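Below: the structure, in structure tokens.
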Amino acid sequence: MSRQRRRIPVLRLAWRNTRRNTRRTLLTVIAVTVAVTAITFMFAYITGILGNIVNSYARTESGHVRIRKDGYSERERLMPVYLKVDRVSELLSVIREHPDVEEAVPRIRSSVLVDGAGTNRPGMLLGLDFERENAYLNPASMAVNGTPPRAGFPEVMIGDEFAEKLGIGVGDTITVLGQTAYRSLGGLRLVVTDLASSGMSFLDNSMLVVPLDQAQVLADLPDAATEILVFAHDAALAEPLAVELRAQLESIVTGDLEVLSWLDQGPLMRTMQMMRPMLGVVMGLMLLMAGLIIINTMLMTVMERTQELGMQAALGMRRSDILYLIVSEGLVIGLIGGVVGAILGSGVGIWLEHTGIDFTAAARGIDLPFQGMVYPDWQPAFAVVGLACGVLAAGVAALYPARRAIRMAPAEALRQ
Amino acid sequence: MNRTTIAGVGRGAVVAGVWLAVLTTASQAQLTPRQILERVDANMTMSTARVTAQMTITYRDDDDRILIYEAWAQGTDQSFLEFTAPARDAGSRFLRLEDAMWIYLPRVGKSVRIQGHMLRQGLMGSDFSYGDASENPSMVEDYDAVLEGEEMLEERRTYVVDLTAKRNDLAYQRRKVWVDAERWVPLKEERFARSGKLLKTALLSEVRRIGDRWYPFRIEMDDALQTDTRTVLQMLSVELDIRVPREVFTLPYLEGGE
Chain A
1 MSRQRRRIPV LRLAWRNTRR NTRRTLLTVI AVTVAVTAIT FMFAYITGIL
51 GNIVNSYART ESGHVRIRKD GYSERERLMP VYLKVDRVSE LLSVIREHPD
101 VEEAVPRIRS SVLVDGAGTN RPGMLLGLDF ERENAYLNPA SMAVNGTPPR
151 AGFPEVMIGD EFAEKLGIGV GDTITVLGQT AYRSLGGLRL VVTDLASSGM
201 SFLDNSMLVV PLDQAQVLAD LPDAATEILV FAHDAALAEP LAVELRAQLE
251 SIVTGDLEVL SWLDQGPLMR TMQMMRPMLG VVMGLMLLMA GLIIINTMLM
301 TVMERTQELG MQAALGMRRS DILYLIVSEG LVIGLIGGVV GAILGSGVGI
351 WLEHTGIDFT AAARGIDLPF QGMVYPDWQP AFAVVGLACG VLAAGVAALY
401 PARRAIRMAP AEALRQ
Chain B
1 MNRTTIAGVG RGAVVAGVWL AVLTTASQAQ LTPRQILERV DANMTMSTAR
51 VTAQMTITYR DDDDRILIYE AWAQGTDQSF LEFTAPARDA GSRFLRLEDA
101 MWIYLPRVGK SVRIQGHMLR QGLMGSDFSY GDASENPSMV EDYDAVLEGE
151 EMLEERRTYV VDLTAKRNDL AYQRRKVWVD AERWVPLKEE RFARSGKLLK
201 TALLSEVRRI GDRWYPFRIE MDDALQTDTR TVLQMLSVEL DIRVPREVFT
251 LPYLEGGE
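Respectively, the protein sequence lines represent chains A and B. Mind the numbering: the first sequence is residues 1 to 416 in the working numbering, read in order. Mind the numbering: the second sequence is residues 1 to 258 in the working numbering, read in order.
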């Protein structure tokens, strides 16, 4: 006579079990929720910080691709204007025709001496095409008070902290001395029309922004600039775009340009890219800690029920069924906590993505392209990963106490 | 006996004469380092000077740049310098009065006073700093000296003198100078930072006589921190100890010119 296998509705049983001791379940669910919330939010937060640095760096420094005269990188520290990109308008129109290019902007960067109210200080002069820079360096967004300098006029916008050190304000006239393309000394008188605060201390402490044409006059650079920054539709296109532009521009200006994607300009961005896997390790450790909390709580929950499990075994419930039951309970708890945690973490992430976290005070002290406001970058994948981690950790965590329970002889379990 | 004595006296006189000669040579060889510096200062520090010079800046990977300037100097701390060529730099002027320097560029139309570390920047991108080009300091006053020995340099006997700054605000805290032992002109100089790092090397040559002084007509300067350039200053005309109009060393002259 074959004995028909009983089908135990394990999942339904597991669900019912979770409601038997609500306090116990709630404790475990809370542990999972906290862990998953933290994971989901931290992913968004760290991605936001990395994005902030990369984005600030691209907008202020590197573009997605930067074109400069060959050899500029080695002398970058000196900001040599004699290493110039000629025939800028022709190059710009060729670059802007490339389908992957969103915008290309010329800039002149020059180390200058600024003479304010009787004191002088070294500064960094940036010559910009104000209109085209709106989506990039965006000088208008940095304006504190006054009006931005107009193309064709000897006007300047100056970092607010720098202006304070020079003892000048809007309406004052400053004298700027700097190197020319012929390596001699050039100078300009400029009227301060605006003060700037970018939240990036390295800019606010030394920056002067003038219309491109004024920088061209100062440095003797007609139809020339020290760099062209290219912004792609997507930063991920930067490396192949650099290769294509290099080939394309070679035919116009033979062989003396340096065309580099943002990843190839100095060690900072490579380091940032390398930090992602490193942060993966940190996140892994966080997951492990969250897992341990869940395991600990689950262990407690199952241990508490040793007698009950012994009873079930004595009544003839199969060991595999008991194991399955406990693990299912773990998964159910993991699922509840995971869903709540993912929703909470995402909620906080999305909320702060809109409002931002203000690190302006802390950012003042650091010499990185880092904007004071950090906006977490929430992505659906972070919620899915958080949820999966919660469910998995709870399930795995239930395994050990479950195995321990079923290995016990029913009589011994009952005695405990 | 007398003859002997006489002969003896005669020999004694000869011996004494030889000794005197030896002693005289020795005393000249044993100049103190301070005396060497005093002689250099006496030769190189003039009451006034007017110099026209051609400055050639040689770049490792670019064409040479040639500039011409006229300079006036008075004492150790007043000088005026105006570039006359090429056309794009003509009219750029520099006035040095004690520790301060003013720059005037025709395009700016107003002088700018520069101080401190700016004086160590290269004059018109050359290996000479604004300070190098405008200072004529007294070595005795500014430095303690140690005589390291003698060396032959370009077939000239030189004293090698090691100088250590007496004050912290001097651009070069240590200098090693090869001084021509007869004409009291430095023929070579190495200038160091406080850390001992070599900042500049100068080679002075074409030493010519002007009145009772010796003056180097060619100075080659190499700024060790500015690795891709070398600058040669060739004097085209040098007039020493002449009358200099007093207004040259004033701001109105700097800004107005005439």
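We put the beta carbon where it would ideally sit given N, CA and C, even for glycine. The model shown is predicted, which means the values in this text are computed figures rather than measured ones.
In whole angstroms, what is the alpha-carbon distance linking residue i and residue j?
i	j	result
A:Thr297	A:Leu27	7 Å
A:Glu329	A:Met408	20 Å
A:Tyr136	A:Arg109	16 Å
A:His233	A:Glu90	21 Å
B:Thr25	B:Lys166	Its pLDDT being 46, under 50, B:Thr25 is placed unreliably by the model, and the measurement read from it follows with that caveat. Computed Cα separation, rounded: 31 Å.
A:Arg87	A:Leu125	21 Å
A:Pro148	A:Arg132	14 Å
B:Ser129	B:Arg230	12 Å
A:Val396	A:Ile326	10 Å
A:Leu113	B:Leu95	17 Å
B:Ala171	B:Arg194	9 Å
B:Leu236	B:Leu97	25 Å
A:Arg276	A:Arg77	28 Å
B:Asp144	B:Arg191	14 Å
A:Val374	A:Gly390	27 Å
B:Leu240	B:Gly211	8 Å
A:Ile333	A:Arg305	16 Å
A:Met207	A:Ser201	10 Å
A:Tyr400	A:Gly347	33 Å
A:Met311	A:Leu331	23 Å
A:Met269	B:Val108	40 Å
A:Glu244	B:Gly131	48 Å
A:Gly279	A:Ala398	The residue you asked about is not Gly; residue 279 of chain A is Leu in the sequence shown. C-alpha separation (whole angstroms): 28 Å.
A:Met303	A:Leu13	18 Å
With residue i as the anchor, note down where its beta strand (DSSP E) starts and where it stops.
i	result
B:Asp64	Asp62 to Gln74
A:Asp256	Where A:Asp256 is concerned, there is no enclosing beta strand (DSSP E), given that its DSSP letter is neither H nor E.
B:Ile114	Ser111 to Ile114
A:Ile228	Glu227 to Ala232
B:Thr231	Thr229 to Leu240
A:Trp15	Per DSSP, A:Trp15 belongs to no beta strand (DSSP E); it is in the alpha helix (DSSP H), Val10 to Thr18.
B:Thr56	Thr48 to Tyr59
Once you ignore the five residues that flank residue i on each side, which residues in its own chain have a CB closer than 8 Å to its CB?
i	result
B:Thr158	Glu150, Glu151, Met152, Trp178, Val179, Asp180, Ala181, Leu187 and Lys188
A:Ile49	Val374
A:Pro222	Gln216
B:Thr58	Asp64, Thr229, Arg230, Thr231 and Val232
Go through its chain and collect everything with a Cβ distance to residue i's Cβ below 6 Å, but skip five positions before and after it.
i	result
B:Trp184	Arg39, Val40 and Asn43
B:Gly256	none
A:Ala393	Gly291 and Ile294
A:Ile406	Arg319, Ile322 and Leu323
A:Gly171	none
A:Gly425	In the structure as shown, chain A starts at 1 and stops at 416, and residue 425 of chain A therefore has no counterpart that could be examined.
A:Thr37	Gly341, Leu344 and Gly345
A:Ala314	Pro410
A:Ile357	Val374
B:Leu37	Met139, Val140 and Ala145
B:Phe217	Glu206, Arg208 and Met235
A:Trp262	Ala58, Ser62, His64, Ala238 and Met269
A:Gln179	Val81
Just to confirm the assignment, what range does the alpha helix (DSSP H) spanning residue i have?
i	result
A:Met145	Going by the sequence as given, residue 145 of chain A is Asn instead of Met. Segment Ala143 to Gly146 is the beta strand (DSSP E) holding A:Asn145; no alpha helix (DSSP H) there.
A:Arg319	Arg319 to Thr355
A:Lys165	Asp160 to Leu166
B:Gly256	Leu251 to Gly256
A:Pro240	Ala238 to Glu250
Report the partner residues of residue i according to the DSSP bridge assignment.
i	result
B:Arg191	B:Arg175 and B:Lys200
B:Met124	B:Met124 is not bridged to any residue.
B:Asn168	Answer by DSSP bridge pairing: none, since B:Asn168 is not bridged.
B:Ser205	B:Arg218
A:Pro277	Its beta-bridge partners do not exist; DSSP assigns none.
B:Tyr104	B:Arg93 and B:Ser111
B:Ala145	B:Leu163
With a CB to CB cut of under 7 Å and the five nearest residues on each side skipped, what residues in its chain are close to residue i?
i	result
B:Asp222	Asp127, Lys200, Thr201 and Arg230
A:Ser197	Met142, Val144, Asp160 and Asp204
A:Glu227	Arg66, Ile67, Arg68, Val85, Arg107 and Arg109
- Contact the stretch 31 to 44 of chain A vs the stretch 339 to 346 of chain A: 3+ CB pairs below 8 Å: At 8 Å Cβ cutoff, the stretches touch.
- Message: Using a Cβ distance threshold of 8 Å, determine whether the stretch 134 to 151 of chain B contacts the stretch 189 to 204 of chain A, with at least three qualifying pairs required.
- Response: no
- Message: Tell me whether the stretch 284 to 295 of chain A and the stretch 251 to 260 of chain A touch, counting them as touching only if at least three CB pairs, one residue from each stretch, are closer than 8 Å.
- Response: no
- Spell out a yes or no on whether the stretch 145 to 164 of chain A and the stretch 203 to 218 of chain A are touching, meaning 3 or more CB-CB pairs, one atom from each, closer than 8 Å. Yes, the stretch 145 to 164 of chain A is in contact with the stretch 203 to 218 of chain A.
- Query: Looking at C-beta atoms only, is the number of pairs between the stretch 346 to 360 of chain A and the stretch 306 to 322 of chain A that lie closer than 8 Å three or more?
  - Reply: Segments in contact, no.
- Message: Check whether the stretch 47 to 56 of chain B and the stretch 234 to 248 of chain B are in contact - that is, three or more C-beta pairs closer than 8 Å.
- Response: Look at the beta carbons and you see the stretch 47 to 56 of chain B touching the stretch 234 to 248 of chain B: at least three pairs across the two are nearer than 8 Å.
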